[in-house]
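Below is one structure; the comments refer to it alone.
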Amino acid sequence: MIRRTFLAFAAIAALTAQAWSSEIGEDGLHKEDWFALTFRDVAEDIETAREEGKRLVMIFEQRGCIYCAKMHETLLSDPEVADYIKANFKVVQYNMFGDEEVTDLDGEVLSEKTAARKWGYVFTPTLVFLPEDVPEGKTVAEAAVATMPGAFGKWTFLNMFKWVAEKGYEGDEHFQKYHARIIKELRAEGRLDAE
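One gets our numbering by counting positions in the sequence shown from 1 and adding 123 to each.
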């Protein structure tokens, strides 16, 4: 009886782990089923996101990136984080060393890897948050309202998405001040389990 109970719990745990783990695509990148598949025309993606009532965020990753794996397995598998992002952002994944065609906001057509070089992105993951409206004559790097290089803890990660959604970059409260205020509020609520 104890053995059967143990096996049943082990099977449930395995299924639960599978439900929260992301798939790895042919390009070696972790995939979320809610990531948007687009033609990687950044201006078009900004417009589509806006029409959906969302903001565009681009995520640069690479094969074998342990920090990308952490982001998928720890952060994007957290329902609080994933649900907030899905409700407010259109996420498009880019391969730091990929050959897929990308159209920059200035109209230049590049591969993913040449776009990453042009925009100066060298870390994976790098999250690039774009404005609500397509800017004229700018590149992605020039138009970005915020950039987050690296995988952080849950609250830094989630708070960056919230700060962008709330247009904190337009106000006087720097992200670090915003983050510190939210952490203080979470601590007061007894919800701070990390960071």
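Yeah, the Cβ is synthetic: ideal placement off N, Cα and C, and Gly gets one too.
Remember, it's a predicted structure, so these values are computed and weren't measured experimentally.
- For residue 249, the closest alpha carbon among the candidates 217, 231, 276 is that of 217.
- Sequence-distant partners of residue 273 (beyond 5 residues in either direction) whose C-beta falls short of 8 angstroms from its own C-beta, in its chain, are 190, 246, 248, 249.
- The C-beta of residue 199 has 16 or more other C-beta atoms within 10 Å across all chains shown, which makes the residue buried.
- When the beta-carbon positions are compared, residue 242 and residue 257 stay at least 8 angstroms from each other.
- Here the segment 207-227 lies against the segment 156-176, with 3 or more beta-carbon pairs under 8 angstroms apart.
- Under the Cβ criterion (8 angstroms, minimum of three pairs), the segment 224-239 does not count as touching the segment 201-211.
- DSSP places residue 163 in the coil class of the three-state scheme, outside both helix and strand.
- For residue 215, the enclosing beta strand (DSSP E) begins and ends at 212-218.
- Boundaries for residue 262: no alpha helix (DSSP H) harbours it, and the DSSP string shows neither H nor E there.
- Residue 187 has its alpha-carbon roughly 26 angstroms from the corresponding atom of residue 164.
- The C-alpha of residue 194 is placed about 15 angstroms away from the C-alpha of residue 270.
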